[in-house]
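Counting from 95, one number per residue, gives the positions in the sequence shown under our numbering. Think of the CB as a built atom: it goes at the ideal place given N, C-alpha and C, for glycine as much as any other residue.
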Amino acid sequence: MDNSPPSTMNLSLTNGPGKRGCSLSTRETRALLQIWGDFEIKYALSSMKRNFQIFSDIAGQLAKLGIHRGPLECRNKAKALRKLYKNASAQNNKSGSGRSDFL
Numbered sequence: 095m096d097n098s099p100p101s102t103m104n105l106s107l108t109n110g111p112g113k114r115g116c117s118l119s120t121r122e123t124r125a126l127l128q129i130w131g132d133f134e135i136k137y138a139l140s141s142m143k144r145n146f147q148i149f150s151d152i153a154g155q156l157a158k159l160g161i162h163r164g165p166l167e168c169r170n171k172a173k174a175l176r177k178l179y180k181n182a183s184a185q186n187n188k189s190g191s192g193r194s195d196f197l
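Below you can see the structure in the form of structure tokens.
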């Protein structure tokens, strides 16, 4: 029997078969947004269809901040944030609807 303490860092993309992946904390999400908002990153993402290398660079910049996430996690979170923003923006543009917050 293994008596070692459980690891506090889970770097896998999923928590098990059929389970959701790891969620990013608010701190991690804000760091991702700050890096993603950099002009060079935005330009590179808009000019390239195959952007795995860019998200690898983003993951590397997050690692420098002590946040260890893979490129696929960064890409999936960026896509989810973009979708949330578009939905909140569309909701706020509807007449008679209440305000919707992005984050």
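Pull up the CB-CB distance for Leu126 and Leu118, whole angstroms please, since I reckon it's below 8 Å. Here residue 126 corresponds to residue number 32 of the sequence shown, with the count starting at 1. Here residue 118 corresponds to residue number 24 of the sequence shown, with the count starting at 1. Rounded, the Cβ-Cβ distance is 7 Å, consistent with contact.
Euclidean distance between Cα positions of Arg169 and Gly190: Residue mapping note: residue 169 aligns to position 75 of the sequence shown, counting from 1. Residue mapping note: residue 190 aligns to position 96 of the sequence shown, counting from 1. Straight-line Cα distance between these residues: approximately 34 Å.
According to DSSP, is Ile161 part of a helix, a strand, or is it coil? As a first step, residue 161 is located in the sequence shown; it is residue number 67 there, counting from the start. The answer is coil: DSSP assigns Ile161 none of H, G, I, E or B.
Is Phe146 buried or exposed, if buried means 16 or more other CB atoms sit within 10 Å of its CB? Within the sequence shown, residue 146 is the residue found at index 52, counting from 1. With fewer than 16 other Cβ atoms within 10 Å, it is exposed.
Ser141: first and last residue of the uninterrupted alpha helix (DSSP H) it sits in: On the sequence shown, residue 141 is found 47 positions in, with the first residue counted as 1. Residues Phe133 to Ser141.
Short Cβ contact (7 Å threshold) for Ile152 with Ile129: Translated into positions along the sequence shown, residue 152 becomes position 58. Translated into positions along the sequence shown, residue 129 becomes position 35. The answer is yes: Cβ separation under 7 Å.
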